[in-house]
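Written out below as C-alpha cells is the structure these notes cover.
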Amino acid sequence: QQQQQQQLDKTKPSGGESAEGGSGSFLRSLERQREEAKKKAEEEEERDTALDREGEVDIRDLEFMIDHGMDALVKESTRDLPLRDLNIIKFIIAAGLYPHVAVSDEHNESRKESDAMFHTRWKHYAVLHPTSVFNGQTRSLISSKSDVLYFSVLMETNKPYLNCALKCPAINTLLLIATSIDTTADCSRFVVDNWLEMNLGTARAGEMVLVVVHQLRLLLDNCLRAKLTTTATRNSGSGSSSHRNSNHNDNKDDDAVVTRQQLHNKAPLPSKGIPGFIRQIHRESDDPSVTCDSDTLARKMAEFLET
C-alpha cells in the first residue's frame, strides 16, 4: 500500500499551477489533432472533387471535338513545321502585338542574365518576367543586335516586366509593320514611327531593302483588301432578310473607302534631289493592280523574313 501511495504521489501534480499547465497542454494537443483531422478531410474532399471534374466533359468541348475532328487536329498541331511557316506565324503574331516592342540595352553584355534590361517606347529599363520562356536564356536575346522583342503586356510591380515575349528580326518585321518609315537622303538609316532607328550600313543596302519592303507592303495591302471585299460581298448577298444589316455594312464600306482615300492622299515630291526608285515607290503606293495570289505572297514574305 505504501508503494502504491508513493506512485500516486509521483503522478499527482505538485500544485495548482502545474495542474493548470498540464490541462492546457492537453487541450492544445486536442486542438491540434482536431485541426489536422479537419485539414486532412478537406484535402481528401478537394482530391475527390478534382477526380470527379476530370471525368466530366463540357458540352462545348464535346461539340468542338465532333465538329472539327480531334484526331486530325492533334496530328496537324504536332507535326514539325518548316522554317518558312514558322517565320510567317511569328510575323503574324508580331503584327498583332505591335507597337509593343522592346530593344535590348547596350550594356546588357556586362550584366548578369537575370539583370538584362530592355527599353520600350513608353518605359525604359524593363526586365523579362520570371515566368518568361526566355528566362535563363537571356544571353540569346542580347547577343544579337539585329533582333527585337515583341511582348504582350508591360506589367509594373516593383519593376516593369515584359510578359509573353517573342524574338523577331528587327528590320524584316518592323519595316513591314510600322505605320511610318523615315529615311536619310541616302537611305542608309531608317526611323520607324518616330522612335526606333535602324542602320543598314550602306546606301545600296538601304535602297534594296526599301524597294523590297515597298513591294511586299503593297502586295499585302492589296491582297487583304481583296479578301475583305470578297467577304463583304458574300455577306451582303446572303439574303434580303438582312437588308438593314446590309445597309449598315454599306455605310461601313463607304467609311472604309473614305479612310483609304485619306490614307492615299500623297504630298507631292520635290522636283529635284529625289532618287528615281523613290519616285517609283511614290507612284505605286496606291496601285491596286499590283497583286498576287495568297501562296505567292506567303512565299515572298517567307523569303524576305529568312534574309
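Residue numbers are given in this note's numbering: position 53 of the sequence shown equals residue 74, and the series is strictly consecutive. The C-beta atom is built at its ideal place from N, Cα and C for all residues, glycine as well. Just so we're clear, the structure is a prediction, and the values are computed from it rather than from any experiment.
Helix, strand or coil, according to DSSP, for residue i in the structure here?
i, result
"Glu127", "coil"
"Asp106", "helix"
"Ala247", "helix"
"Arg100", "coil"
"Ile113", "helix"
"Asp79", "coil"
"Phe139", "strand"
"Asp168", "strand"
"His285", "Low per-residue confidence applies at His285: pLDDT is 46, beneath 50, and the placement is therefore not dependable, though the value from the model is reported in the following sentence. DSSP places His285 in coil when its eight states are reduced to three."
"Val148", "strand"
"Val122", "strand"
"Val332", "Not covered by the structure: residue 332. The range shown for the chain is 22 to 328."
For residue i, count neighbouring C-beta atoms within 10 Å of its own C-beta (all shown protein chains included) and say buried if the count is 16 or more, exposed if not.
i, result
"Arg281", "Residue placement at Arg281 cannot be trusted, given a pLDDT of 40 that sits under 50; the coordinates are not used to answer."
"Val169", "buried"
"Thr194", "buried"
"Gln158", "exposed"
"Ser153", "buried"
"Val234", "buried"
"His150", "buried"
"Ala62", "exposed"
"Met91", "exposed"
"Ala147", "buried"
"Phe85", "exposed"
"Ser310", "exposed"
"Ile181", "Looking at the sequence shown, residue 181 is not Ile but Pro. Buried is the call here."
"Val230", "buried"
"Val213", "buried"
"Thr141", "buried"
"Leu51", "exposed"
"Phe47", "exposed"
"Leu118", "buried"
"Leu162", "buried"
Could you tell me which of the options sits nearest to residue i, measuring between CA atoms?
i, options, result
"Arg160", "Val169, Leu83, Glu134 and Lys180", "Glu134"
"Asp126", "Met138, Pro120, Leu118 and Arg132", "Met138"
"Met219", "Ala191, Pro181, Asn243 and Ile198", "Ala191"
"Cys185", "Leu162, Tyr171, Thr178 and Lys144", "Tyr171"
"His121", "His89, Arg81, Ser173 and His128", "Ser173"
"Thr205", "Glu228, Thr250, Lys188 and Val311", "Glu228"
"Trp143", "His128, Ser257, Asn129 and Ala123", "Ala123"
"Ser315", "Ile109, Asp136, Gly117 and Lys166", "Ile109"
"Ala199", "Ala116, Leu102 and Thr141", "Ala116"
"Ser131", "Lys111, Ser164, Asp101 and Leu83", "Ser164"
"Lys166", "Thr251, Ala226, Glu56 and Asn129", "Asn129"
"Leu217", "Asp203, Leu107, Ser257 and Ala93", "Asp203"
What distance in whole Å lies between the Cβ atoms of residue j and residue i, which are believed to be in contact at a cut-off of 8 angstroms?
i, j, result
"Leu237", "Phe325", "6 angstroms"
"Leu175", "Leu183", "6 angstroms"
"Cys244", "Thr312", "6 angstroms"
"Asn179", "Ser201", "That pair is no contact at about 35 angstroms."
"Leu318", "Leu241", "7 angstroms"
"Arg210", "Leu221", "7 angstroms"
"Ala323", "Arg100", "Ala323 to Arg100, Cβ: 18 angstroms. No contact."
"Lys96", "Cys189", "Not a contact, Cβ separation roughly 28 angstroms."
For chain D, find out if any of its Cβ atoms is closer than 8 angstroms to the Cβ of residue i; answer yes or no.
i, result
"Asn215", "The structure shown contains no chain D; it is built from a single protein chain."
Could you tell me whether any non-hydrogen atom of the ligand GDP is closer than 7 angstroms to the CB of residue i?
i, result
"Cys244", "The ligand content of the structure shown is nil, which means the ligand GDP is not present either."
Worksheet entry | Every unbroken beta strand (DSSP E) inside the region 176-244 [3 residues or more] | Listed in chain order, they are 181-184, 187-190, 202-204, 210-213 and 217-220.
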